[in-house]
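> Sharing a structure below in C-alpha cells format, with a few things to ask.
As C-alpha cells, this is what we get:
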C-alpha cells in the first residue's frame, strides 16, 4: 500500500488520480448538459412544428371559423397581455407590500405564519385556483370574465412576489437602515426611499420572474377567462389567452389548428424567454454596481 | 463656520425643541448653536445617572453614572463586549432597533430626559448624529445626495440652503477639495477613508449638536485614520464628540476625557491624561498598559 502522504513521486497513484478526476469531470459535465438540453429540445420542437404557421396573419388576425384555414391568434396574444396586466395590478402591490412587511416590520412569530401560508399558497395546484375563483367570481356574476382570469393569476402571483421581495430586502445591509435612523429620518421614509430603492432591481426581477411563471398558466383560466374567438371589448366578458387557445387547438381534430397551436406555444415561449432575458440584463446590471 | 462659535448655549429651549412630537424645522438659522466649552462654562451635554440597559434577560450596562461635557471629545474604551457600543447607542436611542431592550435610570441631554414619554426618538437622532464603524454611504445615491439625504428626507426643499449645507458639510469633513468636481458620482465610488468622511459629512449636514462615533477608524488604514483624527480635532469646540475606540493611542490622541468600561460597568472616568498616566483603578491601569483586553 502506497502512502499518499509521502513526497516521493508515485506515477501509478498519480495516473489513477488523473483518471478519477477526468471521470468525475465528465460525469458532472453530462449532468450539466442534461439540465439544459430540455430547453433546446422544447425550442427545437416548437420551431420545427410552429414556425411554418407563424406569419404576419398570426399576429394580426382573429381565429377563423371551424373548417377554414388561416387566421391568427391576435386576440389571444393581446388577451394574455391584458390578463398579465390585471394580474400584476393585484399581485405586484400586494406582494411587494407584503414582502416589505415581512422584511421590515413583522415580528418573528407573525412572519413565521405568513411565510408558512405563502409557501402553502405557492404549492396550491393551479386548477384549484381556477375552481375557487370560478366559485367566487364566475358563479355569482353568471358569466366568465377577463376579471376572473386576472384575479386568478393575480392571486397566484402574490406569494411569489412577496417571497422574492422579502428575500432581496433582507439582503439590504442593516447598516443602511441604521445610517438612516441616525440621521433622524422617519422609519417609513427609510424603508421606501432607502431600503426599497436599494433593492429595486431585485424586486423588479422577482416581479418579472413571477410574471413569466404565471404567463403560461392554463388551468386557472379554464373556468375563469374561458377563452374567446373574438376581441374582448369588456373586461366583464370572456377573454382569449394564448395558453387557452393552444389547449383548444391542440385537442382539435384539424391539422391547421395543430400547427397554429405549435405556433402559439412558440410565441408564448418567446414571451417567457424575453422576460427572462430582461431579468438577466437587469440582474447583470445589479452585479456590476 | 456653521454658526457663531462664541454664541453660548443660553437655555434649554436652544438645544431641545419645546415639543418633541413636532420635528423642529431645519431652517437656515438651524437649531441651536453647538455648545462651546469656553463660552458655555463647562456645560454638561449628557447627564447620566444610574443607567442600566438589558437586551432581553441579559444586562449589558450596569448602573452607569457619567457626565459628558459639551464641546469636548470624550473617548469610550474597554475590551470587546464591555458595553461601550451599547452605551454609545443608548445616547441616541439607536439600541431600540434591537427588539426586547429595556432601560432604567436617567439619561438627560442638556437637562432634558431623552427617554421621556413625549420624546420622539427620530428627533433625538437628528440632534445626536452617529458615524458607524463601517462606512455606509447609500449605494443608490451620489456623493451630493448622500450628504443631503438627511435634510431632504426631513423636508428641506430650499436649493440655496441645500447647496450651502453641501459645501459646508463636505468642507468640515475635509472632503470638499477631493470631491467638489464630481459630486454626481456614486458615494460608493470613493475610497474607504473618503467614504467614512462622506458619512461624517452626511451626519454633519443635519446639524446635530452631538456626534457619536462607533470605532470610526477601525476599518481604515493609518493615513485615512490620521485624517479622521484631524477632523475630530476640528470638530472639537463646535460639537460634542463621543467616540468609541479599540485603539488606545487614538483615545489618547483625540480625546479630552476618557471613560473605561469593563463588563458593562463604568470603571473609571477622568481626564484622558489621568486615565493613561495615572489611573485610579488597577483594572484601568492593566487595560491601558495592554495587560488585558
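Protein chains in written order, with the numbering used here: chain A, 34 to 322; chain B, 1098 to 1390. Backbone N, C-alpha and C fix where the C-beta goes; we use that ideal spot for every residue, glycine too.
(1) State whether the stretch 234-247 of chain A contacts the stretch 301-309 of chain A, with contact taken as three or more CB pairs (one from each stretch) at a distance under 8 Å.
(2) Please name the residue, chosen from B:1247, B:1316, B:1239 and B:1374, that lies closest to residue 217 of chain A on a Cα-to-Cα basis.
(3) Pick helix, strand or coil for residue 175 of chain A, following the three-state DSSP scheme.
(4) Can you give me the Cβ contacts of residue 113 of chain A inside the same chain, cut-off strictly under 6 Å, excluding the 5 residues immediately before and after it?
(5) By the three-class DSSP mapping on this structure, what secondary structure does residue 47 of chain A have?
(6) Fully enclosed by the stretch 49-119 of chain A, which alpha helix (DSSP H) runs are 4 residues long or longer?
(7) Kindly identify the DSSP beta-bridge partner or partners of residue 1152 of chain B.
(8) Which bits of chain A does residue 1226 of chain B rub up against, with CB to CB less than 9 Å?
(9) Buried or exposed: residue 72 of chain A, going by 16 or more other Cβ atoms within 10 Å of its Cβ?
(10) Would you list, in sequence order, the uninterrupted alpha helix (DSSP H) runs of no fewer than 4 residues that lie entirely inside the stretch 1212-1269 of chain B?
(11) Sorted by chain position, which residues of the same chain lie with C-beta nearer than 7 Å to residue 1346 of chain B's C-beta, five sequence neighbours on each side aside?
(12) Below 8 Å on the Cβ atoms is my guess for residue 1180 of chain B versus residue 1157 of chain B; work out the distance and round it to an integer in Å.
(13) What residue from A:215, A:145, A:198 and A:228 has the CA that sits closest to residue 1237 of chain B's CA?
(14) Is the separation between the beta-carbon of residue 156 of chain A and that of residue 199 of chain A shorter than 8 Å?
(15) Please determine, among B:1211, B:1194 and B:1216, the residue with the shortest C-alpha to C-alpha distance to residue 1148 of chain B.
(16) Give me the Cα-Cα distance between residue 39 of chain A and residue 60 of chain A, rounded to the nearest whole angstrom.
(17) Identify every residue that forms a DSSP beta bridge with residue 224 of chain A.
(18) Within the continuous alpha helix (DSSP H) that includes residue 1345 of chain B, where are the two ends?
(19) Would you check if the distance between the CB atom of residue 1294 of chain B and the CB atom of residue 1340 of chain B is smaller than 8 Å?
(20) Classify residue 1365 of chain B as buried or exposed, calling it buried when 16 or more other Cβ atoms lie within 10 Å of its own Cβ.
(21) Under a three-way DSSP split, which group does residue 1203 of chain B fall into?
(22) Along the chain, which unbroken stretches of the alpha helix (DSSP H) at least 4 residues long are found entirely within the stretch 1258-1322 of chain B?
(23) Nearest by alpha-carbon distance to residue 285 of chain A: which of A:85, A:158 and A:99 is it?
(24) Pull up the CB-CB distance for residue 264 of chain A and residue 108 of chain A, whole angstroms please, since I reckon it's below 8 Å.
(25) Below 8 Å on the Cβ atoms is my contact criterion, and I expect residue 194 of chain A with residue 239 of chain A to pass it. Report the Cβ-Cβ distance as a whole number of Å.
(26) Work out the CA separation of residue 135 of chain A and residue 1188 of chain B for me, nearest whole Å.
(27) Does the Cβ of residue 88 of chain A have 16 or more other Cβ atoms within 10 Å, making it buried, or fewer, making it exposed?
(28) I'd like to check one pair, residue 1323 of chain B with residue 1262 of chain B: are the Cβ atoms closer than 8 Å?
(29) Could you spell out where the alpha helix (DSSP H) holding residue 1188 of chain B opens and where it closes?
(30) Note the first and the last residue of the continuous beta strand (DSSP E) segment covering residue 1170 of chain B.
(31) Measure the alpha-carbon distance for residue 1136 of chain B versus residue 1185 of chain B and round it to whole angstroms.
(32) With a cut-off of 8 Å on the beta carbons, I'd call residue 170 of chain A and residue 184 of chain A a contact; round off their distance for me.
(33) Just to confirm, does residue 277 of chain A get its C-beta within under 7 Å of one of the non-hydrogen atoms of the ligand FAD?
(34) So which residues of chain A does residue 1219 of chain B contact, with C-beta pairs closer than 7 Å?
(35) Shortest alpha-carbon distance to residue 211 of chain A belongs to which of B:1191, B:1173, B:1312 and B:1357?
(36) Taking just the CA atoms, how far does residue 1350 of chain B sit from residue 1169 of chain B?
Reading from the atomic positions:
(1) The stretch 234-247 of chain A is in contact with the stretch 301-309 of chain A.
(2) For the purposes of this step, residue 217 of chain A is taken as the residue at position 184 of the first chain. Distances from the CA of residue 217 of chain A to each of B:1247, B:1316, B:1239 and B:1374 were compared; the closest alpha carbon is that of B:1247.
(3) Along the first chain, read from residue 1 onward, the residue named residue 175 of chain A stands at position 142. Judged by DSSP in its simplified three-state form, residue 175 of chain A adopts coil rather than helix or strand.
(4) Start at 1 with the first residue of the first chain, and residue 113 of chain A comes out as number 80. Excluding residues within five positions, the ones whose Cβ falls inside 6 Å are 274 and 275.
(5) By one-based count along the first chain, residue 47 of chain A stands at place 14. Shown here, residue 47 of chain A sits in a helix according to DSSP, grouped into three states.
(6) The qualifying runs are 89-93.
(7) In the second chain, counting from the first residue as 1, residue 1152 of chain B sits at position 55. Assignment of beta-bridge partners to residue 1152 of chain B by DSSP yields B:1155 and B:1198.
(8) The sequence position of residue 1226 of chain B within the second chain is 129, counting from 1. Simply 215, 216 and 217.
(9) For the purposes of this step, residue 72 of chain A is identified with residue 39 of the first chain, where counting begins at 1. With fewer than 16 Cβ atoms within 10 Å of its Cβ, residue 72 of chain A is classed as exposed.
(10) DSSP runs (the alpha helix (DSSP H)) wholly in the stretch 1212-1269 of chain B: 1218-1224, 1240-1249 and 1256-1269.
(11) Counted from its first residue, the second chain places residue 1346 of chain B at position 249. There are no such residues.
(12) Position 83 of the second chain, counted from the start, is the residue given in the question as residue 1180 of chain B. Position 60 of the second chain, counted from the start, is the residue given in the question as residue 1157 of chain B. With 8 Å as the limit, residue 1180 of chain B and residue 1157 of chain B qualify as a contact, their Cβ atoms being about 5 Å apart.
(13) For the purposes of this step, residue 1237 of chain B is taken as residue 140 along the second chain, with counting starting at 1. Per the Cα distances, A:228.
(14) Stepping through the first chain from its first residue, residue 156 of chain A is reached at position 123. Stepping through the first chain from its first residue, residue 199 of chain A is reached at position 166. Taking 8 Å as the Cβ cut-off, residue 156 of chain A and residue 199 of chain A do not qualify as a contacting pair.
(15) Counted from its first residue, the second chain places residue 1148 of chain B at position 51. Nearest of B:1211, B:1194 and B:1216 to residue 1148 of chain B, Cα basis: B:1211.
(16) If you number the first chain from 1, residue 39 of chain A lands on position 6. If you number the first chain from 1, residue 60 of chain A lands on position 27. Across the structure, residue 39 of chain A and residue 60 of chain A are spaced so that their CA atoms are roughly 30 Å apart.
(17) Reading the first chain from its first residue, position 191 is the one you call residue 224 of chain A. In the DSSP output, where bridge partners are listed per residue, residue 224 of chain A has none listed.
(18) Taking the first residue of the second chain as position 1, residue 1345 of chain B is located at position 248. In this chain, the alpha helix (DSSP H) harbouring residue 1345 of chain B covers 1345-1351.
(19) As a working note, residue 1294 of chain B is residue 197 in the second chain. As a working note, residue 1340 of chain B is residue 243 in the second chain. No, they are not a contact pair.
(20) Indexing the second chain from 1 puts residue 1365 of chain B at position 268. Under this definition residue 1365 of chain B is a buried residue.
(21) Sequence index remark: in the second chain, residue 1203 of chain B carries index 106 (1-based). Residue 1203 of chain B: strand per DSSP, three-state reduction.
(22) Runs of the alpha helix (DSSP H) inside the stretch 1258-1322 of chain B: 1273-1276 and 1289-1302.
(23) What you label residue 285 of chain A is simply residue 252 of the first chain in a count that begins at 1. Comparing alpha-carbon positions, the option among A:85, A:158 and A:99 lying closest to residue 285 of chain A turns out to be A:99.
(24) Here residue 264 of chain A refers to the residue found at position 231 when the first chain is read from its first residue. Here residue 108 of chain A refers to the residue found at position 75 when the first chain is read from its first residue. Contact holds; Cβ gap of about 5 Å.
(25) By 1-based counting over the first chain, the position of residue 194 of chain A is 161. By 1-based counting over the first chain, the position of residue 239 of chain A is 206. Right, the Cβ-Cβ distance comes to about 6 Å (below 8 Å), so this counts as a contact.
(26) As a first step, residue 1188 of chain B is located in the second chain; it is residue number 91 there, counting from the start. As a first step, residue 135 of chain A is located in the first chain; it is residue number 102 there, counting from the start. For residue 1188 of chain B and residue 135 of chain A, the distance between alpha carbons rounds to 29 Å.
(27) Residue 88 of chain A sits at position 55 when you count from the first residue of the first chain. The residue in question, residue 88 of chain A, is exposed, as its Cβ has fewer than 16 Cβ neighbours within 10 Å.
(28) In the second chain, the residue the question calls residue 1262 of chain B occupies position 165. In the second chain, the residue the question calls residue 1323 of chain B occupies position 226. Taking 8 Å as the Cβ cut-off, residue 1262 of chain B and residue 1323 of chain B do not qualify as a contacting pair.
(29) What you label residue 1188 of chain B is simply residue 91 of the second chain in a count that begins at 1. That residue, residue 1188 of chain B, is in no alpha helix (DSSP H); it is neither H nor E in DSSP.
(30) Translated into the one-based positions of the second chain, residue 1170 of chain B becomes position 73. Its beta strand (DSSP E) spans residues 1170-1174.
(31) As a working note, residue 1136 of chain B is residue 39 in the second chain. As a working note, residue 1185 of chain B is residue 88 in the second chain. Since pLDDT at residue 1136 of chain B reaches only 38, below the 50 mark, its modelled position is unreliable, and no value is offered.
(32) Stepping through the first chain from its first residue, residue 170 of chain A is reached at position 137. Stepping through the first chain from its first residue, residue 184 of chain A is reached at position 151. That belief holds up - the Cβ atoms of residue 170 of chain A and residue 184 of chain A are roughly 6 Å apart, short of 8 Å.
(33) This structure simply doesn't include the ligand FAD, nor any ligand for that matter.
(34) As a position in the second chain, residue 1219 of chain B is number 122, starting the count at 1. Around residue 1219 of chain B, the beta-carbon contacts reaching into chain A at under 7 Å are 217 and 219.
(35) Translated into positions along the first chain, residue 211 of chain A becomes position 178. A check of alpha carbon separations from residue 211 of chain A across B:1191, B:1173, B:1312 and B:1357 identifies B:1191 as the nearest.
(36) In the second chain, counting from the first residue as 1, residue 1169 of chain B sits at position 72. In the second chain, counting from the first residue as 1, residue 1350 of chain B sits at position 253. Straight-line Cα distance between these residues: approximately 13 Å.
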